[in-house]
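840 is the number that this note's numbering gives to position 133 of the sequence shown; each next residue is one higher, with no gaps. Don't be surprised by glycine CBs; every beta carbon is placed ideally from N, CA and C. Down below is the structure, laid out as structure tokens.
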Amino acid sequence: MRSIVLSFTCSLVCCLAVLVCRAQDALDAVAKAYQQASYENGEKFLKAGPYVRALFFNERRDEAIAVLEENIRLARKRQDGKYAAYLYGLRSLNTFILGDSVRAARYIDSASVFAARTADRKIKGYVHYCRGWLLARAGREVDAVTTFVEGLRLLENTGAHTYQRSIYSELYAIYANWRATDLQTKYAYLNLGLAVKWKEPSALFDAHMRMGHLYETLTSETGNPSFADSAVRYYRSAIALFEDNPSTMGTSPTDLAHAAINLANLHLNNADTADRRQAEKYARKAIAIADQYGHTQFKAAGYGILSALARSSHQPENAKTYLLAALAAASQETAMNTETLPLIFRNLAELSEGQQEHTEALHYYKQYVAAAEDRFDAEKLELSARLEAQYERAKQQQALGQLRLESAQKEQQLKLMDARAAEQRQAIEVMKLNEENQRQQLAFANLQNQQKEQELAAVQREVALKSRISQTYIILFAVALFMMALLFYAYRQRSKTLTQQRHLHRLEMEQVQQQHEISNLTAMLSGQEQERSRLARDLHDGLGGLLSGTKIELSAVFSRVNDAAARQQVTRSLNQLDAAVNELRRVAHNLMPELLLKYGLTEAIREYCNRMSHGDLEVAAEIVSYTDSLDTNRQVVVYRIIQELVNNAMKHAEAKHILIQLAQADGTLYLTVEDDGKGFDIVTLDGRKSAGIHNVQSRLDYLKGHLNLISEPGMGTTVEIEFPLAQPAKIIQASGS
């Protein structure tokens, strides 16, 4: 046993050594990028940020401050204030971390001054993020939320996804503290959506940690075991991301220890032997990481978990050894946890008493009583603070409601402003067209004047040089020439008109054909849905009533049957009738889901996932920013596509987990269906022989959408679909002059 533990510990130490080496490589990489950048285009100011953060991460704080001060001194001389605003914001965060909140407030004020001198919305949003970060840590959470929301407004459509994710994380933490579960869930999924979109390992790690904490919180509030499974899945994904990409992680390895402790606690609550082995594995991982970086709170927690495992395995000596190690780690904390010490002393006393070591047990009981009294005194001192916190929480809830109301009002104002802006743009376009027409008319008039002046000059010269008869011939010739030019101009205009009419006619024919195809596809889908609805009604009203009547008659017969074997056969028949009725209801519901027609696509998808999940299969749904903006016909088409893809995964992929993701962004709906099945080789797929893909593609033609299929043998399958939210364009009546 000791040799196994020793080898496991050695492997953890080796992994940590690799993490440290890769962290140094990451520092060297950002240092090289900083040195190669130039102040000419301002790139070096922006490269200073990652370099300073890497220096802080490697405990080289004096160098980091020196680099910041030098860059701030140069950035202040620039006319555009965005570089100075960026560096002052970073300086305020680092100063607050070092414990000087007064100077940090001065630095963020300087950042705001320089941000006012630039039109860069990305930098303005970053300064708002820094100020909100300081306000949140100063206990002014309501002001912090207001500042963060304004920062998100500034960062909209700027591509600054890193700053947006940081604000989402801060809002998640604040709403978690306020116990606003709906908003907490909203910002956790927004953070995850951005991280998945940009595929940055550090962002994905942070997003998965947030999701794990969210589901761990929901587990403690509801006791639902599925939430615990989701928390374990997200924490494991976070650890895998960190271990696979240590050189690109902007977070501390102690975050890895935090994830390991959370996983160990989740596995500790289960009595299964495999879960207990997992709990020991992650507890030892957290201890090794915490020991490497001096974070004793994780070290004490890890030893506490190992002690609980040893005690449940009837190994009191090992349990006591682990508890003493936890006590030593907890004693190294600058601010001792008033809950940890009494718990350690009480467990030590119980173990000593169980081993008949009464003197030692008495010693630990006395220490337990003293620690408990200290905790009681601390709780009395914190009572007023707790009451004040409750009062502040009530104020925060009131402020939260006000913020929601203001957010709705701002959204309405933004929509009104967008409508007015569209009207103004249309008016400007009309003015430009009128101005262009006037310029063309003026140019044509000038040309006519020039021609008339030239003709008049020619006539005057001919009058002076020739006789009256010659003048008459010239005038007749000029008139004939003018008539020919007029006829040629009329012929040219007629040719252009005929060409335009032919082009417009061709466009009309193409649009009519396109509309005809859309009408055929719409009629086909409508006919299918009507037939499904008719079959569902016939099955439910006809066969369902027949089965129910048969069950009632059998139930009446059952009460009159005295023979045990006959009663058993009747009972078996009644059970088979119940199964048939349930199967009939399931088939009728799949043919025409009433939940979709009553409550919309979101609830229908979630109900479908719950209905399709069973012991060997988990079907989950993640719906982000979808506003139920589709009409009923298109919702039914999307629902049929999801049914087809899930059925394909269940029949062919042998999947254990299926994930349905539905997201709406920028007028487009994104649908993704993933499974962890056996996958297949896309090159060998014959679309003409795959009825499922053909059905999905025919419905996508109606939605004007696109399909992307990703799969490899043994790697699962991902189907990505996107289509516009707007209805397919109708035929435009063309007209020509």
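{"Check": "Within 8 angstroms, strictly: CB atoms of Ala-947 and Gly-919", "Outcome": "no"}
{"Check": "Buried or exposed by the 16-neighbour rule on C-beta atoms within 10 Å, applied to Phe-1195", "Outcome": "exposed"}
{"Check": "Pro-1049: first and last residue of the uninterrupted alpha helix (DSSP H) it sits in", "Outcome": "1047–1061"}
{"Check": "Closest residue to Phe-764 among Leu-1369, Ile-815, Asp-962, Gly-930 (Cα-Cα distance)", "Outcome": "Asp-962"}
{"Check": "Identified DSSP bridge partners for Phe-1430", "Outcome": "Leu-1376"}
{"Check": "Tyr-879 to Leu-1254 span [Cα, whole Å]", "Outcome": "52 angstroms"}
{"Check": "Three-state secondary structure assigned by DSSP to His-1021", "Outcome": "coil"}
{"Check": "Residue burial classification, Met-916 (beta-carbon count within 10 angstroms, cutoff 16)", "Outcome": "buried"}
{"Check": "Rounded straight-line distance, which links the Cα of Arg-1267 to that of Arg-1279", "Outcome": "16 angstroms"}
{"Check": "Rounded C-alpha distance that separates Thr-1425 from Leu-1352", "Outcome": "10 angstroms"}
{"Check": "7 angstroms Cβ shell around Gln-871 - same chain, five flanking residues per side excluded", "Outcome": "Leu-859, Leu-862, Leu-901"}
{"Check": "Inside the segment 839–871 only - alpha helix (DSSP H) runs reaching at least 4 residues", "Outcome": "848–862"}
{"Check": "Extent of the continuous beta strand (DSSP E) run through Ile-1330", "Outcome": "1325–1331"}
{"Check": "Proximity to Phe-1387 [Cα-Cα], best of Leu-1308, Ala-867, Ala-1362", "Outcome": "Ala-1362"}
{"Check": "Bridge-paired residues (DSSP) for Glu-1381", "Outcome": "Leu-1366, Thr-1425"}
{"Check": "Length of the line joining the Cα atoms of Val-720 and Asp-1335", "Outcome": "Confidence is the limiting factor: at Val-720 the pLDDT is only 38, short of 50, which leaves the residue's position unreliable, though a coordinate-based value still follows. Approximately 52 angstroms between the Cα atoms of the pair."}
{"Check": "Under the three-state DSSP convention, the category His-1413 falls into", "Outcome": "strand"}
{"Check": "Residues bridged to His-1401 [DSSP beta-bridge criterion]", "Outcome": "Paired residue(s): none; His-1401 is not in a bridge."}
{"Check": "Ala-822 Cβ short of 7 angstroms to the ligand NAP heavy atom set", "Outcome": "What this structure holds is no ligand at all, so the ligand NAP is not there to describe."}
{"Check": "Local conformation of Ser-1418 per DSSP, three classes", "Outcome": "strand"}
{"Check": "Buried versus exposed call for Pro-1049 [16 or more other C-beta atoms within 10 Å across all chains shown]", "Outcome": "buried"}
{"Check": "Collapsed DSSP secondary structure at His-1002 in the structure displayed", "Outcome": "coil"}
{"Check": "Classification of Met-1043 by the beta-carbon crowding that lies within 10 angstroms, buried from 16 upward", "Outcome": "Low local confidence applies: a pLDDT of 49 at Met-1043 is under 50, so the model's placement there is unreliable, with the coordinate-based value given in what follows. Exposed, since its Cβ has fewer than 16 Cβ neighbours within 10 Å."}
{"Check": "Residue closest to Glu-1162, alpha-carbon to alpha-carbon, out of Ile-1182, Pro-953, Tyr-758", "Outcome": "Ile-1182"}
{"Check": "Own chain partners of Arg-1313 with C-beta closer than 6 angstroms, once the 5 adjacent residues on each side are dropped", "Outcome": "Ala-1328"}
{"Check": "At least 3 beta-carbon pairs within less than 8 angstroms: the segment 820–828 vs the segment 798–805", "Outcome": "no"}
{"Check": "Of the residues Val-1345, Ser-909, Lys-1358, Ser-1332, the one placed nearest Leu-1324, counting alpha carbons only", "Outcome": "Lys-1358"}
{"Check": "Where Gln-1371 sits in the DSSP three-state scheme", "Outcome": "strand"}
{"Check": "Ordered list of beta strand (DSSP E) runs contained in the segment 764–816, each at least 3 residues", "Outcome": "none"}
{"Check": "Stretch-stretch touch, CB-based, cutoff 8 angstroms, three pairs: the segment 1028–1040 with the segment 1059–1077", "Outcome": "no"}
{"Check": "Cβ neighbour criterion (16 or more within 10 Å) applied to Trp-905", "Outcome": "exposed"}
{"Check": "N- and C-terminal bounds of the alpha helix (DSSP H) containing Thr-929", "Outcome": "908–929"}
{"Check": "Close beta carbons around Ile-881, own chain, < 7 angstroms, minus the five adjacent residues each side", "Outcome": "Ala-843, Glu-848, Ala-851, Val-852"}
{"Check": "Distance between beta carbons of Phe-949 and Phe-1005, contact taken as under 8 angstroms", "Outcome": "Their Cβ separation, rounded to whole angstroms, is 15 angstroms, which puts Phe-1005 and Phe-949 out of contact at 8 angstroms."}
{"Check": "Beta-carbon proximity check, Thr-1309 vs Tyr-1333, cutoff 8 angstroms", "Outcome": "yes"}
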